[in-house]
Amino acid sequence: RPVDAPEVPESAEAPAAEPALPTLERPEASGTRWQRLRARLARSGAIGNALLAVFSRGKLSESDWEEIEDTLLMADVGMDPTTELMEILRREAKIADTVDPEAIRATLRNELVALVNPGMDRSLDLTPGTGDDGASHPATILMVGVNGTGKTTTCGKLARMLVADGHSVVLGAADTFRAAAAEQLTTWGERVGVPVVRLDKEGADPASVAFETVKVGQETGADVVVVDTAGRLQTKTDLMDELGKIKRVMGRGAPVREVLLVLDATTGQNGLRQAQVFSEAVDVTGLVLTKLDGTAKGGIVIQVQRELGVPVKFVGLGEGPDDLAP
95 RPVDAPEVPE SAEAPAAEPA LPTLERPEAS GTRWQRLRAR LARSGAIGNA
145 LLAVFSRGKL SESDWEEIED TLLMADVGMD PTTELMEILR REAKIADTVD
195 PEAIRATLRN ELVALVNPGM DRSLDLTPGT GDDGASHPAT ILMVGVNGTG
245 KTTTCGKLAR MLVADGHSVV LGAADTFRAA AAEQLTTWGE RVGVPVVRLD
295 KEGADPASVA FETVKVGQET GADVVVVDTA GRLQTKTDLM DELGKIKRVM
345 GRGAPVREVL LVLDATTGQN GLRQAQVFSE AVDVTGLVLT KLDGTAKGGI
395 VIQVQRELGV PVKFVGLGEG PDDLAP
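Heads up, the sequence shown is in the working numbering, so the first residue is 95 and it goes up one at a time.
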């Protein structure tokens with residue numbers, strides 16, 4: 095010890111270090127995601143590859159026409175849209191007096207784009223509400239779907255996208271039947287600094303969690319509230335009724351701007367029936383199509399949009415945290 099240094103009592107302790115704040119992740123903004131994910135979708139585009147293989151043969155025979163039709167049906171484009179497409183393609187070929195595969199390919203592309211309907215509004219409604227007291231309410235989003243479609247993961251990914259675009263978010267863990275769901279959602283929230291409202295009691299009333307989430311969102315001045323719900327089979331009437339209750343109770347705190355139905359793209363035509371029942375129960379406003387990069391059945395987007403009149407607003411194209419794109 096230096097001679098002139100003061101003595102330090104042995105019992106004195108060094109001041110405790112401040113706990114390090116968690117380093118928050120910086121998710122990718124929504125505007126650049128599609129550009130990055132297009133290549134992945136192209137690599138897995140079994141529909142396109144199968145059709146290109148037919149068109150590359152040159153002059154199309156009757157068996158080639160049948161193969162085109164079979165490919166569209168296997169991709170879950172649906173019987174009626176496929177029949178319409180085939181009639182248009184054959185008519186165009188006859189009018190032009192050609193079976194030039196490049197010309198038919200261009201016509202097919204244009205007609206498929208028309209069926210997907212690029213004119214539909216695919217923006218997320220984030221309009222804030224105003225209560226009777228004049229206070230501003232957050233925009234609220236309810237996520238619904240059957241078991242195993244990736245609802246909770248999609249909630250987390252959507253929160254990341256909203257944060258990246260400058261919005262403050264509150265998540266609600268209203269899947270009270272699956273113990274791991276709240277933990278999973280909390281992990282997603284912690285990574286980007288988003289609070290999660292949950293009740294640490296298995297089997298708690300999910301409508302109460304949804305209401306409390308909206309309340310917390312209002313008290314904290316959040317822009318958006320996203321509420322996760324338990325997966326449920328569309329054949330279970332009591333569970334579908336419960337979903338209606340959750341939406342009604344949420345609506346007491348703030349208008350529900352969006353009800354997003356999460357569909358697994360690999361389920362094909364079964365997804366259509368799911369969408370119909372969920373839409374009847376809670377008026378679905380938009381669709382999220384997950385696992386689109388792992389299937390040749392992306393044609394379901396045409397069928398579901400045609401039947402429900404609501405657009406696919408987001409697609410999941412991988413397992414990465416930012417692999418959800420508008």
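Ideal Cβ positions, reconstructed from N, Cα and C, are used throughout, including at glycine.
Item: Anticipated Cβ contact below 8 Å, Thr-270 with Ala-324, distance rounded; Value: 7 Å
Item: Contact check, Ala-316 vs Gly-283, beta carbons under 8 Å; Value: no
Item: Gly-260 to Arg-120 span [Cα, whole Å]; Value: 11 Å
Item: Buried or exposed by the 16-neighbour rule on C-beta atoms within 10 Å, applied to Glu-162; Value: Reading off the sequence shown, one finds Ile at residue 162, where the question assumed Glu. Ile-162 is buried by the Cβ-count criterion.
Item: C-alpha distance - Thr-165 paired with Thr-329, whole-angstrom precision; Value: 30 Å
Item: Where Val-378 sits in the DSSP three-state scheme; Value: coil
Item: DSSP three-state assignment for Asp-294, whether helix, strand or coil; Value: coil
Item: Leu-236 - containing beta strand (DSSP E), residue span; Value: 233 to 238
Item: Identity of the residue in Gly-393, Val-398, Gly-392, Thr-361 nearest Ser-373 by Cα; Value: Val-398
Item: Rounded C-alpha distance that separates Glu-186 from Glu-196; Value: 12 Å
Item: Neighbourhood of Arg-199 by C-beta, 7 Å cutoff - its chain only, sequence neighbours within 5 removed; Value: Phe-149
Item: Residue closest to Glu-181, alpha-carbon to alpha-carbon, out of Glu-160, Ala-169, Asp-170; Value: Glu-160
Item: Asp-332, buried or exposed, once every other Cβ within 10 Å from all chains shown has been counted against 16; Value: exposed
Item: Endpoints, alpha helix (DSSP H) assigned at Arg-326; Value: Looking at the DSSP string, Arg-326 is not in any alpha helix (DSSP H), and its letter there is neither H nor E.
Item: Buried/exposed call for Pro-232, threshold 16 Cβ in 10 Å; Value: buried
Item: Where Lys-407 falls: helix, strand or coil (DSSP); Value: strand
Item: Ile-394 burial status per 10 Å Cβ neighbour count (16 or more: buried); Value: buried
Item: Range covered by the beta strand (DSSP E) that runs through Glu-352; Value: 350 to 358
Item: 7 Å CB neighbourhood of Val-409 in its chain, flanking five on each side removed; Value: Leu-383, Leu-386, Ala-419
Item: Boundaries of the alpha helix (DSSP H) in which Leu-265 is found, first to last residue; Value: Here Leu-265 belongs to no alpha helix (DSSP H); instead the beta strand (DSSP E) covers 263 to 268.
Item: Contact the segment 356 to 366 vs the segment 235 to 246: 3+ CB pairs below 8 Å; Value: yes
Item: The segment 213 to 220 contacting the segment 271 to 290, beta-carbon criterion three pairs below 8 Å; Value: no
Item: According to DSSP, residues forming a beta bridge with Val-319; Value: Thr-234, Val-264
Item: Residues near Thr-246 by beta carbon distance below 7 Å, same chain, minus five either side; Value: Asp-269, Ala-275, Gln-278, Leu-279, Asp-322
Item: For Arg-272 and Met-168, the rounded distance between their alpha carbons; Value: 34 Å
Item: Of the listed residues Val-310, Val-404, Asp-416, Val-264, nearest to Pro-212 (C-alpha basis); Value: Val-404
Item: Strand pairing of Gln-248, partner residues [DSSP]; Value: Sequence check: residue 248 is Thr here, not Gln. For Thr-248, which the question treats as bridged, DSSP gives no partner whatsoever.
Item: Nearest-angstrom Cα separation, counted from Arg-127 out to Thr-221; Value: 23 Å
Item: Beta-carbon proximity check, Val-353 vs Leu-236, cutoff 8 Å; Value: yes
Item: Within 8 Å, strictly: CB atoms of Ala-348 and Gln-312; Value: yes
Item: Option in Gln-368, Val-320, Ile-340 with minimal Cα separation from Ala-298; Value: Ile-340
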